[in-house]
Ligand code: UDP
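Here you go:
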């Protein structure tokens, strides 16, 4: 007999879990507090320019996971897209991630790969087992490149000194001694032709799935369901009664331009005195389209207040203590599973979100699922 299953949130996690369970014969009800599906992946075509806008900031799909790649291709036509990010620093434009072009341009050299490696090794500081972002950066590229490309940007993005942040944040980025300027190194990379919301609508399009928009799920009613999958904020399930887990929020200041404003999708700004971290020009995320008008976002990062949209979990020592409290309480609940970026308080790329959602649905079907697929601590 089908169980009564509630899914809170119609973002990627919710949609994929709902689909897997619906295909297994369950009837699933989704409660979404916003008036749209897709969570922060939501995309929408701008009425004036026709540009597909990444409403909650840029999302580029990249993965090494063949099953996840096949999964997204079932619901969307993915077109080739390579993320090539530039950074404006001290009045010059450089190539990111830091690669041979960046090094040669920054130092005014014409080094070949082996020479550049030796040169950077001479600049990198010998720090055994770097713990903080700053230590990691100094051990990675040395003082000059750190100060130009990482220090100011990171202070703006995280609102604190890189000496207070974990090394893991920087480990997301590669350093290359060749001219490869692809921001990601995964084998699959692309953009859904008609945007992420269209793809997620396809995932949700199943007779076993009912979606209620503009509807908040009251955690006090969780006991009325056989199982609840919660992709809202972990602390929100408990009414934030022990305090709020820290997030950074993003404020997007939109502006428009007639023509091509910056010639690329993402322009970072490394200088501390430029108030934003980056400018995204949305039409360049769909290079197969042609639009005269342009929609751009200046990205400003702030501490997340109660009424702001949470983006980046902070996960510093203070947050980890509070996180432990909430995780332990979650583990005592019966019939509730916390999923996704907000539910597990981790910064997840889209492919990892889908992988975990597929694994969560499988664990549920095999009867081996608890409060978390794996503890987020
Ligand atoms: N970062 C930086 N300079 C840059 C780009 C990134 O210092 O030009 C740092 C920053 O701390 C950021 C982290 O590297 O939070 C990860 O960067 P990524 O581009 O993966 O950030 P996302 O696009 O996910 O915000």
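Numbering (the working numbering), first residue to last: 90 to 466. Cβ atoms here follow ideal geometry from the backbone N, Cα and C, with glycine treated the same way.
* What do you reckon, is the C-beta of residue 427 under 7 angstroms from a heavy atom of ligand 1? -> As a position in the chain shown, residue 427 is number 338, starting the count at 1. Checking the Cβ of residue 427 against ligand 1 gives no.
* Cβ-based neighbour list, residue 432, same chain, cut-off 6 angstroms, excluding 5 preceding and 5 following -> Residue mapping note: residue 432 aligns to position 343 of the chain shown, counting from 1. 319, 320 and 323.
* **Range covered by the beta strand (DSSP E) that runs through residue 388** => Here the question's residue 388 lines up with position 299 in the chain shown. Element bounds for residue 388: 382-392.
* **Euclidean distance between Cα positions of residue 145 and residue 162** => Here residue 145 corresponds to residue number 56 of the chain shown, with the count starting at 1. Here residue 162 corresponds to residue number 73 of the chain shown, with the count starting at 1. Going from the Cα of residue 145 to the Cα of residue 162 covers about 22 angstroms.
* Jot down the residue ranges of each uninterrupted beta strand (DSSP E) in the stretch 324-362, minimum 3 residues, whole runs only, in chain order. => 336-347 and 355-358
* **Inter-stretch contact at 8 angstroms, needing at least 3 Cβ pairs: the stretch 237-254 / the stretch 351-371** => yes
* Under the DSSP definition of a beta bridge, which residues are partnered with residue 402? -> Counted from its first residue, the chain shown places residue 402 at position 313. Note: residue 402 sits in a beta bridge opposite 336.
* Take residue 124 and list the residues in its own chain whose beta-carbon comes closer than 7 angstroms to its own, dropping the five residues that flank it on each side. => As a position in the chain shown, residue 124 is number 35, starting the count at 1. Counting only Cβ-Cβ distances below 7 angstroms, and skipping sequence neighbours, we find 302 and 303.
* Apart from the five residues just before and just after residue 129, which ones in its own chain have a Cβ nearer than 6 angstroms to its Cβ? -> Taking the chain shown and counting its residues from 1, the one referred to as residue 129 is at position 40. The answer, listed in chain order, is 145.
* Asked: Who does residue 370 pair with in a DSSP beta bridge?
  -> As a working mapping, residue 370 is identified with position 281 in the chain shown. BP columns for residue 370 point to 385.
* **Exposed unless 16 or more other CB atoms sit within 10 angstroms - verdict on residue 240** => As a working mapping, residue 240 is identified with position 151 in the chain shown. Residue 240 is buried by the Cβ-count criterion.
* Asked: Cβ of residue 158 within 7 angstroms of any heavy atom in ligand 1?
  -> Position 69 of the chain shown holds residue 158. The answer is no for residue 158.
* Asked: Where does residue 298 sit, in a helix, a strand or coil, going by DSSP?
  -> One-based indexing of the chain shown puts residue 298 at position 209. In this structure, residue 298 counts as strand in the three-state DSSP scheme.
* **Minimum length 3: unbroken beta strand (DSSP E) runs contained in the stretch 142-184** => 150-152, 167-169, 175-178 and 181-184
* Asked: Any heavy atom of ligand 1 within a distance shorter than 7 angstroms of the CB on residue 264?
  -> Here residue 264 is taken as the residue at index 175 of the chain shown, counted from 1. Within the chosen limit of 7 angstroms, ligand 1 does not reach the beta carbon of residue 264 with any heavy atom.
* In chain order, what residues of the same chain lie with their CB nearer than 6 angstroms to the CB of residue 185, ignoring the 5 residues before and after it? -> Residue numbering aside, residue 185 sits at position 96 when the chain shown is read from its first letter. Cβ within range, chain order: 174 and 176.
* To do: Tell me whether residue 119 is buried or exposed, calling it buried when 16 or more other Cβ atoms sit within 10 Å of its Cβ.
  => Here residue 119 refers to the residue found at position 30 when the chain shown is read from its first residue. By the neighbour-count rule (16 or more Cβ atoms within 10 Å), residue 119 is buried.
* Exposed or buried, residue 349, counting other C-beta atoms within 10 Å across all chains shown (16 or more means buried)? -> Sequence index remark: in the chain shown, residue 349 carries index 260 (1-based). Exposed.
* Can you have a look at residue 183 and say buried or exposed, based on whether 16 or more other CB atoms are within 10 angstroms of its CB? => For this step, residue 183 is matched to residue 94 along the chain shown. So residue 183 counts as buried.
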